[in-house]
Every structure is written in structure tokens, then in C-alpha cells.
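Numbering-wise, the UniProt record's numbering puts 507 at position 507 of the sequence shown, and it's gapless, one number per residue.
Just so you know, even glycine gets a beta-carbon here, dropped at the ideal spot from N, CA and C.
Report on the following structure.
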Amino acid sequence: MAPDQAASKKRRREPYNVDVKLVELYEDLASEKDEIRLKAAQALVSQFTPDKKPADDQIKKALQRLFRGLCSSRKAARIGFSIALTEVLTQVFSESRDSSEFGLSDALKIWESQTNASGSESGQEQRDHHFGRLFGAEAIIKSSILFQSFVPFTEWTKVLNLIFELAQKKPWLREECGWIVYRCVYDLSSRKMDAKFVEAAVDGFCSHDLARTPEGVAIWLAAKEMFPKATFPGKVWKHDDPLDVKEQKTLTKTMKESSSEETQGENKGSGKSSGVWNSKLHFAWDAALSRTSDDSTKSKSKSSRLAFADFWTEVVDNGLFASASSDERKYWGFLLFNKVLNDGSLQQASNVFTKNLVRCLMNQLAVEDRYLHRMAVKASKAVQTRVSKEPGFAAAAVRGLVGTSGTMNFDQATKTKTIEKIVTEANREALQDIIPSFEKLFERPGTSDEKTAASNRQFIAGLLLAIVRSKASTGNKDDEDDYQSVLEQILSIFVRFAYFLDNGSSAPEPALPQATQELLRNRINSSLNSLLSSQKYAATIPYAVVKQIRDAAKSEEHGKFIINIDDKLQESVKTAFKSLKKLSSKEKKGETSSVSAFKLLYSMTVLQVYNGDADAVSMLDELEFCYSKFMGDDSKKKKDTSDASDALVEIILSFASKQSQLFRRMSEQVFGAFADQVTENGLESLISILETKETLAGQQEMFDNDDDDDVEEEENEDEDEEMIDVDEADSDVEVVEADGSDDTDSSDDEEADDDEEDSAEVADFEAKLAAALGTHRADQDLNAAESDSDADMNDDEMEAVDASLAQVFRARQNAVSQHKDKKDARENMVNFKNRVLDLLEIFVKKCHSRLLAMDLLLPLLRLSRRSSVKQIANKANSVLREYTKLCKGNAVPKIEDETKPVWELLRSVHKEASHSGPPAHAAAVSQASLLVVKVLVAQDKAAIAEVVDVYGATRKAQLSSTKCHVQPSFFTDWNNWCVSASKQLKQ
């Protein structure tokens, strides 16, 4: 080593002054916290304001540091340094610096040198330098220093060339480079700059072979719009417009970024690929979509620019959603679909349901593990969201997914409820467009296969029912649209195809089978069931339905009526419609609940006639009798209506006994309107059902069946049997006799008895079968001789065995059938009792202050104790609780005649309390007793003395009799009542 070199190595460093505060500011510019970055940027910029007159050296060092900071990948350095750089440039070059040696050109040189990648750096360092150049260009343009009058135009072209070179050299940065220039076009327009700035940008893109890229399309369109008088390079786009109709194919390849290999030999330079895929939608799509026209007819007549519908079909549907397109491009397509649905106009959103898109949407929705399934789910939700915000869009959505582009079974194929949710959100105007299209689809389901046609029709019927259910609730809201016409239109479709066979030109193809017609009749019932909960539609829609059936049967508008109605029944129906017409006129004068109830009852009875119910004939006659009593002229109204009331209760019960929620709801509505006119006989009809056993014999007794043998057999089996479900009522409490024996049979015991009965039947069958065959079971008589088993039988013996076997199997079949009949009868009686209890709950709510309601106390108490069905017992207790809760203060029933029956009722309630029962029964009997006491005391305070005697007698029985099982709570509740009532009794 040379001496001078050794000396230089040993030379001590000169002292260097470090500005610690400045270092901290640069450090804070890279902070991840916004407030720290902004504070540091503000502090730094304040040092370079014109009034501070910063020195050239100070400016140079700051710019070097800031441009170098843009090349850092540390934390949020690029963001912080970019903000500071933009503001420093603005402050330093806000005015001409002619007297200074450091100018704008020097600043640009610093930007270029500090962000230049020499090639010796690592890959990551080179990427950082490229990003630094990009952020530097953005800061320089945002600072607006290039557009000042004293700045040479060449500086602008120099910056543009560096941006275009970066975009050409690094395709993965092309979109960001294009975005900077694209936003600059708008800035130049807002500043009203000379068109030469934009012309330079467009020329630069073309000269760098970037015109036919998504960025080039966006910049060209923006420049054309903002600077229409500018001069653009020729022979790039036909009519200087990328959206020209003759550029559809080129635009499609450009926007989906097809690689040059894909476009070899044609349109050279078009569709240059960026080489990378971005999950975010390119800004060029927004630029193109926003410049298409909604009205395709108007667009074509005035210019050659693509309309939105044509652009979407050609560029998006045939481009991004083409069958050969990659999943990545289809992903972009879904992003565009969501964008238009969220932000586009109604016209635009109506045109996005194109063939390839809908097919792709269905395929991706159908299978969860497909690549674009989540995007497809988002797309379907975007449709639903648009409909919920803009209900009128529902028509276009249904038309797109089910009609022109989609498939009828969209929901079935995708295993979603997309269409159903759309139609339920639709408004009246949209439904008036949707429903006729559904009728056409029902008439012509688009297939000749009967099974497929039946499935498609079932789907359409389900959608129509969903509309009815969604709009039924609007009948209770005054501020909602009136959907009466829409609902009638839907039910008219059901009526047309459910009750008529059309062989004319409008006949359905393929023809409707009986199963489909039966399905539609069920859909009518389901629709009416939903509408009965509506105050507005409960009476009007059912009447409209039967009127539609009658009118269509007369006119044969929809073909032959499939229900055969004889002359006598036809006359009854005719009379019913006369009464319905009178009721409708009374409604117009002033609607009352009784008029609406009769109208509903008539309509539903006539509908039963049209459904072929044989019992409906007698019901119509009884209904006419009730109508003449309740709704006749003034002279008739003065007559006693008790017979009519009793007949009306029987009609209501006949509907309540049917296994249909529709008839249950209808019977409740009608009963509610006439509850205050129920007589003692009518109430007894309800009570008698509660006291009927939940058995086959009980069912036969209730419905007057004539099979006396079965009745007698069942009665013998069930004689003196009282099933009380203690374990189900309260699993933690068990009511036991004084001697320790249970007074009830639990459900477990009942199931055990059933199992034992089944086992006995099986054993008996096996024994009879063995006897007929002359054999024995393998586990019996193991030591029996085997000599006879091998003996051959002759023909006569074989015939005898066959006859014996036939007799054994017939007996077995009869036993199985009887067992099923018993089970079905039990279910029917439980259902019927539930319906009756619902009616009684309505009765106590409306008539709890009537003394007649007290006749319910004992039957309900007995039912809660005796019933083997937990649901029935609980419901009986619930009705009792509701009744006693309502009877407070002035609402307590008042005794109008003699008090003897009420005293007998009190003693009967106490006798009922002595029976062992579930805990809920004990609480109910105590409440019932106190209610009777309130009634007696309200009549005469002196009655309290005799009431005390009744309670005393019950206490004596508890102490002396082993058969009295009064619960302690019975007397506890009595004592509590005495304490609370003592002050009132002393007054």
C-alpha cells in the first residue's frame, strides 16, 4: 500500500453537524399513523414557504431526501414522503426563480437520478426504485408546477416520457401510470389549460404503443370529452372513438387484456397484456361504461357510439364471460355486474342479465367449491339488494334470471331462493309485469317432457304463492300500496289451471295432469290461509276467488269445468251467491265484522262445494238459515236468533274439524265475530267435544259413525280409564296417593302398554301361524320329535294349510288396520280439541264478563286433569289462566238471577280440587275457585261467610278422607286472597 493511501486511511473524519430535529421529521414521515405523518409533513413544508426564502442548497438536499424516501419500502414511507414532496414543490416553485441557480429542471433531474435503477440492485430494490419514480411523477403533477406559464412545455413532455417509458418497461405498473395521466386530464380541464398538454399525453401513449390498452382507452375517452377540439393521432380508432360500433371486436380484446399471442396477425398493437392479474376492477371500465348511452335507439340514430346494452353484450358478455374465458376474467365480469347493479341506472341494470353471464352465475352458484362461488353469491345478493332499494327493478331481474336469458328453474338449479326473494320485494308495478310472464311460463313451460313441465309449473306456483304471502301483511297497513288487483290476478291464474280443462288454442302444453291441478287447488287454500290474517283481504279475496270460478264455469272462458255439480247443489250455490251479493252491498254502506264474517263463511263454503265436498250442501242450507236470522230484514232481526247461533256454531265446528290451517283460521275469524251471540247450547256443543275421549270410540261418537262393533270394543277397552300425564306436566313433581300409589298413568307407562300390546299381538300371530303350518318356533319345544317334519303332504293337506294361512294373515291385517285406525283417531281428536280450545280462548277474551263463560270452568279443569296429551292439558290451563286474568274489577261476571247454580259450581270446583292431578291442574283449580268466590262476593258481601264454610268443608275432607288430595297451594292462595280482600269486605 502506498504511503499516501495509508495516510488517507488514517485521516480522521471532519466533524459533521447533524440536524437531529430534521432527522426526526423524516423519520416521522414514514410513520404508519396518519396524524404523525401529516404533522411531520406540515413541519417540513413550513421551512420552505416563500417568506422563509430557503437556500438552493437547502432545497436540493430536501428534494434529494424526499425523492430518495419515495424509493423506500419501509412502513408508510411512500405515502408520507409523497405528501411532503408535493407540498414542498408547490411552495418552492410557486413563482419563477430566475435569480436562483436551482430551477425546476434541476428538481426533475434529482427525481430521475434518485429513482433510476442502475441494474446492480436486487430485484426488490429495483421494484422500490420503480415505485419511487411512479410516486415522484404523481407528486410533481399534483403540485401543478409543470402547468405554470413560466415553465417550459418541454418539462411536461419530459415527465410524460418518463411515465410512458416506465409503463412500457414494467407492464405491471402500467395501470398506475395510466391512472396518473387519466386524472391529470381532468385537472387540466378544471384549470382550463391549453389542449396541447392533453395532446402531448395522447401522442405519448400512441408513440409508446400503449393506445390500445385499457389505460389508453380511458385516457383517450377522457381527453375526447374534456378537450373536444384537441387534435388526436389518426388511424388509431375509427372515427377517433374507441366506443365506435365498428371497434367492438378490437375493444373487446383490448378491455379484457388479451395477450399479443392471442391476436397475432390482426389488429397489431391491440390488447397488450399487462402480464399480471389484479383483483380490483380496472379504472378503464368505469371510464367506458360511463360514456355509453342508456337508450340504444337514440344512440344509434345520433352517433355511431356503442350503446350500453351493445357494449355490455359484446365486450362483457361475449368477452369476459365467454365460455373460453379464464376464471380471472369472469371474476372481473362479476365485479362489473355488481358495480352496475350498485351504481348504474335502472336502464343499465336491466340490461346486464345477458346469456353468458346468467349461465356462469348459475354454474358458480350451484356448487360451493367452485372458484367463483363466493363472487356469484355476492352477485345474487347484489340483485336482491337493488330490488330491496328499488322494488321496481324486480321485473327486470326476474325477466333476466328466469325469462329471456335465464332459466325457469333458476332457484332449483342454484339451490337458492334468489327469485323468491326478488318477487317478494317487488312493488305493485313490477308485479303487474312479472305475473303475466309467469302465467305464460305456466302455460308453456318450455319443455315437452311431462315430468320437467310439472316441476317447472310447481316452481312457478311456489313463486306466486310466495308473492301472496309477502303481500298479505300489507292489508293491515294503511300506507302501503293496495295489492288487491295483484292478489286477484295471481288467484285467477290458480283458478284457471286448477278447475278447468282447456282444449282450445290457449290450452297448456303439455296438458296439466290431475296431480298438478290438485297442487294448484292446495295453493289456493294456502293463499287464502295467508290472506285471512289481513284485515283488508280476509273477506274480499275469498269472495273474488269463488266468483272467478263461477263466472269462468258459466262462460267456459278457460275450458270445461272439472267439478260435477248436480241441479240441486247448483241451486244452493245460486242462492248463496245472491246472499253474497247482498252482503257485498251492505259492506259498501258500512262494513261490520258480522257482515265480513258471513261473507267469508259463505265464500269458503262455496269453495268447498267447488272442491267436491259432499257435506258442503247441508252446510249451505244451514248457512242460509243463519243468514236469514242474523242478516234478514228488520222484522226478522227482532226474532230469537238462538237457533241460528247454535247452527252457526255447528257450521264453524265442521270447518274446525278439518285438517287444514286455512279452515282453522277461518273458523276463528268467524267465531270471533259472533262470539257474543253464542248461547248455552252452542257453548255446550264446544264443551262436549272437550269431554269426548281421545280414542277411536270417541271419534266415532263425535262424527256419528255407524260401526257399532268397533265402538263397543273400544268402549270396553277404555272403560273407566283416565290418562293423566303427570310426568310430562312436571318432571320434577309427582302426585301420589295417600297410600303411596300413583293416581295417574304417565306417558312412559302408556308407551310401555303399547309395546306390550304390540308384543302380544306379534306373539299371538306367530302362534296362529305355527298352528296353521303345524310347526313351532325354534326356541320352543326343542325336544319335539322331528319325524313329522320330514313327512310329505298331499294336495288336500296343502290346500287346507293354504286356507289356514290366508285366514291367519287376514286376521293379522285386520289387527294392523285397527291399530292404525286407533292411532289416526287419537290424532284427529287431539287436533279437534286443539281447535275447540282456540275457539274457547276467543270466547273468553270477548265474553269473559258474561256469566255463561263460567260454564267453561269445570270442563277445562277436568280436561287438564284427564287428558293424556300434554299439549291439550297445557292449552286448557292456558285458557283458564287467560279467563281468570281478564276477570278483574268491573269485568267480573254479574249474577242476574238466582245464585244457587253458582254455589253448586263452587262446590263442584272444590270437589275437582280433591282429585289428584298434575301441578298445573292444582294451580288452575285454585284460580277457578277464587274466580267463583269473586263473583259471589261481588253479588253479596255476606256470601263470604258461606264461602268460608265451603273452604272449611274442603279442609275437613283433606284431613279426614284418604280420597281427598287437595294441594297445599289451594289453601295458600285462599289465605292470600283473604288478606288482600279483607279491607274491601269491611267497608
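- Following the DSSP letters along the chain, one finds arginine 399 in no alpha helix (DSSP H), marked with neither H nor E.
- Residue pairing by DSSP places lysine 560 opposite Leu501 in a beta bridge.
- Annotation for glutamate 175: the continuous alpha helix (DSSP H) segment containing it runs 174 to 190.
- If you compare the alpha carbons of Thr575, Lys451, Ser505 with that of alanine 515, the shortest gap goes to Lys451.
- Fewer than three beta-carbon pairs drawn from the stretch 588 to 597 and the stretch 610 to 625 are found closer than 8 Å, and the two stretches are therefore not classed as touching.
- Put simply, the backbone Cα of methionine 854 is about 17 Å away from that of alanine 923.
- When rounded, the separation of the alpha-carbon atoms in aspartate 621 and alanine 430 is 43 Å.
- Secondary structure of serine 293 (DSSP, three-state): strand.
- As summarised for the stretch 562 to 601, the continuous alpha helix (DSSP H) elements at least 4 residues long and confined to that stretch are 567 to 590, given in chain order.
- When DSSP states are grouped into helix, strand and coil, alanine 230 belongs to the coil group.
- Bounds of any alpha helix (DSSP H) do not take in glutamine 148, whose DSSP letter is neither H nor E.
- Taking the Cα positions, asparagine 522 is about 42 Å away from glycine 333.
- A Cβ-Cβ separation of about 11 Å leaves histidine 910 out of contact with leucine 861 under the 8 Å criterion.
- The alpha-carbon of serine 960 is positioned some 21 Å away from that of aspartate 973.
- Annotation for proline 859: Ile687, Leu690, Glu691 place their beta carbon closer than 8 Å to its own, counting only its chain and skipping 5 residues before and after.
- By the Cβ neighbour-count rule, arginine 74 is exposed, with fewer than 16 other Cβ atoms within 10 Å of its own.
- By DSSP's assignment, alanine 923 forms no beta bridge with any residue.
- Within the stretch 858 to 944, complete alpha helix (DSSP H) segments of at least 4 residues are found at 870 to 886, 900 to 913, 919 to 939, given in chain order.
- By a beta-carbon distance limit of 8 Å, leucine 600 contacts glutamine 669. Their separation comes to about 6 Å.
- Within the DSSP bridge table, the entry for arginine 305 names Asp244 as partners.
- A direct Cα-Cα distance of roughly 17 Å separates serine 82 from lysine 109.
- In summary, glycine 504 is exposed, with fewer than 16 beta-carbon neighbours lying within 10 Å of its beta-carbon over all protein chains present.
- At a Cβ-Cβ threshold of 8 Å, leucine 63 and alanine 30 do not count as neighbours.
- Nearest C-alpha to glutamine 124 among Val92, Cys71, Phe153, Lys52: Cys71.
- Around the beta carbon of tryptophan 277, fewer than 16 other beta carbons sit within 10 angstroms, so the residue counts as exposed.
- In the three-state reduction of the DSSP assignment, glycine 123 falls in the helix class, which pools H, G and I.
- Ala538 is the residue among Glu556, Ala538, Val546 whose C-alpha sits nearest the C-alpha of serine 667.
- The C-beta separation of alanine 472 from serine 526 comes to about 11 Å, leaving the pair out of contact by the 8 Å criterion.
- Closest in alpha carbon position to aspartate 203, among Thr157, Gly80, Glu101, Arg810, is Thr157.
- If the five residues before and after proline 391 are omitted, its C-beta is found closer than 7 Å to the C-beta atoms of Glu425, Ala426, Asn427, Ala430, all from its own chain and listed in chain order.
- Around the beta carbon of histidine 239, a 10 Å sphere encloses fewer than 16 other beta carbons of the protein chains shown; the residue is thus reported as exposed.
- Cβ neighbours of aspartate 502 within its own chain (closer than 6 Å, five residues either side excluded): His558, Gly559.
- Here glutamine 384 has Thr418, Lys421, Ile422, Glu425 as same chain residues with Cβ atoms under 8 Å from its own Cβ, once five neighbours each way along the sequence are excluded.
- The beta carbons of valine 358 and glycine 400 sit closer together than 8 Å.
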